[in-house]
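Student:
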């Protein structure tokens, strides 16, 4: 369901109570401090929370696997396998599933590598390092093509998302230094393009 | 909204479309591979995803801050400040907010310390290390009392959640070793109590 990568902060579509079907009102419930969609019939409060995107950097010798997107947003651009964490799976299982779906590849998940906040789109990104089990891979339904890239071959100007571009930059930086560690950071909307999510700024934290 | 810590995998209450108010059906949408709540009137698919719980271990000299819960689940048991990540805040901002709400304390957030999957309740836990700005603290509305504890004073038999008990165990283990690093793991339902979330098993991963 990669279309849902387009989901923006909050939901523009909460008009009715998913429990009883009555209309909801956006108001601050008693004891709370922020507006929620509240059903005036059954009094259910409908919370909305950020979503987790999980993925991995699949390694094969000195190269890494990238997928060229067959879907919007960013059709035709390159990324690592990643997508929304599903109910019923762990973070590493989610990263494995996305790799299988998008690149028909099997990976062993290694350690978490980047953990980014994308507050402006209500997402948290967690990208693992991973190792390809073998060199069998190919485009899944959501990919135009899949390939292995050395550092010199990375198509830096055609990477789909700022979060992935920064993940790859940090990956090769750490690899050159001979030491991989967890990187945390925020992806912020670009100062001159507050509503364009493809104009973003990276800020490394802790 | 700490009651929602009780939310279990999926939602038992999706009966109507939150967009148009028509009844939904649980079925596998075209191109998908798992059941979703789909509106047969407006065709909107209602995805459900895991929620992120953020918190921190607030340090003050050689002691850490714990809160005794004034709310269910686990009323009267001890925990570190933690709660659901909200839309519109970063992971570290969420941990700071929870600390202010539950312990009236201000913290500087340090590095991520534990990252746990709780697949059986549809949650991901991220607990940071943190430093109290000063020694001003007190019980917020959701806490009976708040206090500083040395390692010897930790009420190990009265810790509210397995995720927090393991976080504290790893914290003192790393502190003794003189080196804090990120720990990942899964909290699994107890083998003899698959439906009792307070009978849980910890399994460290990568």
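Chains as they are written, first to last, in my numbering: chain X, 200 to 405; chain Y, 200 to 405. Virtual Cβ for every residue (Gly too), placed ideally from N, Cα, C.
1) Skipping 5 residues on each side, what residues in its chain have a beta carbon closer than 6 Å to that of residue 238(X)?
2) Listed from N- to C-terminal order along the chain, which residues in the segment 369-394 of chain X have their beta-carbon within a distance smaller than 7 Å of any beta-carbon of chain Y?
3) By the three-class DSSP mapping on this structure, what secondary structure does residue 202(X) have?
4) Counting only runs that start and end within the segment 215-294 of chain X, where is the beta strand (DSSP E) found for 3 or more residues in a row?
5) What first and last residue would you give for the beta strand (DSSP E) that runs through residue 381(Y)?
6) Output the boundary residues of the beta strand (DSSP E) element that contains residue 308(Y).
7) As a quick exercise: from 301(X), 326(X), 317(X), pick the residue whose alpha carbon is nearest that of residue 336(X).
8) Count the other C-beta atoms from every protein chain shown that fall within 10 angstroms of the C-beta of residue 289(X), then say buried if there are 16 or more, exposed otherwise.
9) Take residue 275(Y) as the anchor and find which of 378(Y), 357(Y), 339(Y), 400(Y) has the nearest alpha-carbon.
10) Determine the closest residue to residue 322(X) out of 231(X), 235(X), 360(X), 256(X), with distance taken between C-alpha atoms.
11) Determine whether the Cβ of residue 283(X) lies closer than 9 Å to any Cβ atom of chain Y.
12) Which first and last residues belong to the alpha helix (DSSP H) in which residue 400(Y) is found?
13) Please name the residue in 350(X), 375(X), 317(X) whose C-alpha comes closest to that of residue 401(X).
14) Keeping to the same chain, check which residues put their C-beta closer than 6 Å to that of residue 219(X); ignore five residues upstream and five downstream.
15) Could you give the residue range of the beta strand (DSSP E) that holds residue 342(X)?
16) Going by other Cβ atoms of all chains shown within 10 Å of its Cβ, with 16 needed for buried, is residue 355(X) buried or exposed?
Tutor: Taking the structure as given:
1) 216, 221, 223
2) 381, 383, 385
3) Caution is warranted here: a pLDDT of 35 is assigned to residue 202(X), below 50, making its placement in the model unreliable, and no coordinate value can be reported.
4) 223-226, 235-238, 250-259, 262-268, 281-283
5) Run containing residue 381(Y): none; DSSP gives neither H nor E here.
6) 306-317
7) 301(X)
8) buried
9) 357(Y)
10) The option with the nearest alpha carbon to residue 322(X) is 360(X).
11) yes
12) Segment 399-403 is the beta strand (DSSP E) holding residue 400(Y); no alpha helix (DSSP H) there.
13) 317(X)
14) 240, 241
15) 342-348 is the span of the beta strand (DSSP E), which, as asked, contains residue 342(X).
16) exposed
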